[in-house]
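Q: What follows is a single structure, and I will ask about it in a moment.
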Amino acid sequence: GVPVSTLLRFNTVKKLTEKPAVVIQAAKELPDILVVDDEKSLINRKVPFTDRLMKKNIPKSFYVKNLPLKDAADDNGENPRKVYDVEVDEIRSLFAKYGDVALVKFYFSADKTDKVEAGEKRKKRPDGAAMVEYQRKEDFDKAKRAILTIKDGEKVTPKDKLTLPPNESRKSPVDLEVLQLSEHIASCQRGKRGREEDEDDKEEEEEDFSDLPKWTIEWKPGCVIKMNGLPESCDREAISEMLQTALEVSKEDIRTRKIYIDFSRGQTDGAIRFPEVSDDIAKVAQRLKEGELKVGDSNVKEAYVLEGDEEKKYWESFIEFKNKQILQREKEKRERQRQQQKNKKQKFAHRNRGRR
Numbered sequence: 196g197v198p199v200s201t202l203l204r205f206n207t208v209k210k211l212t213e214k215p216a217v218v219i220q221a222a223k224e225l226p227d228i229l230v231v232d233d234e235k236s237l238i239n240r241k242v243p244f245t246d247r248l249m250k251k252n253i254p255k256s257f258y259v260k261n262l263p264l265k266d267a268a269d270d271n272g273e274n275p276r277k278v279y280d281v282e283v284d285e286i287r288s289l290f291a292k293y294g295d296v297a298l299v300k301f302y303f304s305a306d307k308t309d310k311v312e313a314g315e316k317r318k319k320r321p322d323g324a325a326m327v328e329y330q331r332k333e334d335f336d337k338a339k340r341a342i343l344t345i346k347d348g349e350k351v352t353p354k355d356k357l358t359l360p361p362n363e364s365r366k367s368p369v370d371l372e373v374l375q376l377s378e379h380i381a382s383c384q385r386g387k388r389g390r391e392e393d394e395d396d397k398e399e400e401e402e403d404f405s406d407l408p409k410w411t412i413e414w415k416p417g418c419v420i421k422m423n424g425l426p427e428s429c430d431r432e433a434i435s436e437m438l439q440t441a442l443e444v445s446k447e448d449i450r451t452r453k454i455y456i457d458f459s460r461g462q463t464d465g466a467i468r469f470p471e472v473s474d475d476i477a478k479v480a481q482r483l484k485e486g487e488l489k490v491g492d493s494n495v496k497e498a499y500v501l502e503g504d505e506e507k508k509y510w511e512s513f514i515e516f517k518n519k520q521i522l523q524r525e526k527e528k529r530e531r532q533r534q535q536q537k538n539k540k541q542k543f544a545h546r547n548r549g550r551r
């Protein structure tokens with residue numbers, strides 16, 4: 196519930212009364228909307244104001260910009276600050292031409308120039324904007340057709356321009372800028388996503404991977420069979436079955452001996468890596484070349500043991516691939532950590548909103 200003492204600090208209420216008893220009595224005359232706790236001097240909404248309820252009101256609300264501000268200070272002429280140079284009733288009267296206005300709410304944000312101690316809240320400064328909510332959607336729609344000055348991000352000429360007339364502090368008329376609250380919220384969300392993406396890109400650009408260990412291998416010459424012209428239907432299983440036949444071993448034996456098939460489905464070439472030099476390597480390559488060994492039911496066009504610069508290039512490419520793989524995994528790991536941190540912040544912010 197909201198303490199009556201808090202309500203009495205609002206300018207709109209202070210204009211009407213400064214007596215708690217008057218506020219409590221007024222609330223009791225609205226039993227369908229408000230619930231009064233006399234003992235604690237608290238006033239509650241009968242239906243709690245939730246995020247869902249707020250979202251239901253968005254389609255019948257405007258976001259109004261260019262509200263005038265003026266300089267102000269306390270009674271001693273100290274603590275200079277900006278305040279709204281317009282009253283809620285002035286805004287309400289402009290919009291009431293189209294129907295019953297349910298709410299006019301000025302926007303404020305934390306003053307980042309205000310230096311505070313840890314745990315203290317910053318002072319609020321006016322944003323020069325307000326939300327105007329209508330009681331009925333049909334009244335909102337009527338106003339929308341007449342007063343919008345911004346639509347789909349573009350400035351438009353309204354049929355009925357809303358203007359604050361001059362007064363003692365406003366020396367000249369002030370034209371208000373009006374757009375749908377839903378469009379304003381969508382724009383803010385797009386801006387937030389863009390800033391987050393920019394921050395993520397910046398973090399990625401600034402990330403240092405120099406301390407990431409480099410993968411390498413002390414490769415031995417004469418341990419790789421190169422195969423060209425593999426059949427379109429080829430897969431690792433077909434190459435493995437060919438090796439099992441050639442070496443007279445099982446599939447598990449190939450894994451145990453750490454013989455690796457370097458191939459991806461759809462490729463027309465591949466390689467077989469052996470961990471150690473042996474006579475079997477040259478024999479398998481020769482039998483493949485002569486067509487004695489088949490991959491699936493097909494011959495390979497070419498098979499030979501890599502050597503010289505071609506062998507060196509193969510191993511360099513393999514080492515480069517492994518290091519790119521390690522780098523990508525580290526990037527994904529850090530991205531997951533960033534996302535987890537972001538989710539924690541969002542949950543924390545959501546809990547704080549709920550407490551307020």
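In the working numbering, the protein residues as written are 196 to 551. Heads up, the beta-carbon is just placed ideally off N, CA and C, and yes, glycines get one too.
1) Give me the Cα-Cα distance between T212 and A222, rounded to the nearest whole angstrom.
2) Closer than 6 Å by C-beta to K526: which residues in its own chain qualify, once you throw out the five before and the five after it? Chain order, please.
3) Does the beta-carbon of A216 have 16 or more other beta-carbons within 10 angstroms, so that it is buried, or is it exposed?
4) Would you mind stating whether A324 and F290 have Cβ atoms separated by less than 9 Å?
5) Can the beta-carbon of D464 be found closer than 9 Å to that of K421?
6) Please specify which runs of the beta strand (DSSP E), each continuous and at least 3 residues long, are wholly inside the stretch 238–321, giving them in chain order.
7) For I412, which of helix, strand or coil comes out of DSSP?
8) Helix, strand or coil, according to DSSP, for R385 in the structure here?
9) DSSP puts G465 in a beta bridge; with which residues?
10) Could you spell out where the beta strand (DSSP E) holding Q375 opens and where it closes?
11) From I345 to P254, what distance separates their C-alpha atoms?
12) Between the stretch 456–476 and the stretch 526–539, do three or more beta carbon pairs fall short of 8 Å?
13) Mind checking whether the beta-carbon of D464 lies closer than 8 Å to any heavy atom of the ligand COA?
14) Are there 16 or more other CB atoms within 10 angstroms of the CB of V242, so buried, or fewer, so exposed?
15) Skipping 5 residues on each side, what residues in its chain have a beta carbon closer than 6 Å to that of A441?
16) Judging by CA-CA distance, which residue of P416, N494 and S459 is the nearest neighbour of S473?
17) Check I345 in the structure and name its three-state DSSP category.
18) Taking 7 Å as the limit between beta carbons, can you name the residues of its chain near V231, skipping five residues before and five after?
19) Within 10 Å of its beta-carbon, does P321 have 16 or more other beta-carbons around it, so buried, or fewer, so exposed?
20) Excluding sequence positions up to five away, which residues of its chain have a Cβ less than 6 Å from the Cβ of R460?
21) Using only the alpha-carbon positions, how far apart do I514 and F458 sit?
22) Is the distance from the Cβ of D280 to the Cβ of P263 below 9 Å?
23) Could you tell me the distance, in whole angstroms, from the CA atom of K209 to the CA atom of D403?
24) Report the rounded CA-to-CA distance for L371 versus L343, giving the unit in angstroms.
25) Let's test the definition: count the other Cβ atoms within 10 Å of the Cβ of S288 and tell me whether it reaches 16, buried, or not, exposed.
A: In this structure, then:
1) 13 Å
2) none
3) exposed
4) no
5) yes
6) 256–260, 264–267, 276–279 and 296–305
7) coil
8) helix
9) M422
10) E372 to Q375
11) 16 Å
12) no
13) Among the components modelled here there is no ligand, and therefore nothing to report on the ligand COA.
14) exposed
15) V479 and L488
16) P416
17) strand
18) I219, A222, K223 and I238
19) buried
20) D430
21) 16 Å
22) yes
23) 58 Å
24) 10 Å
25) exposed
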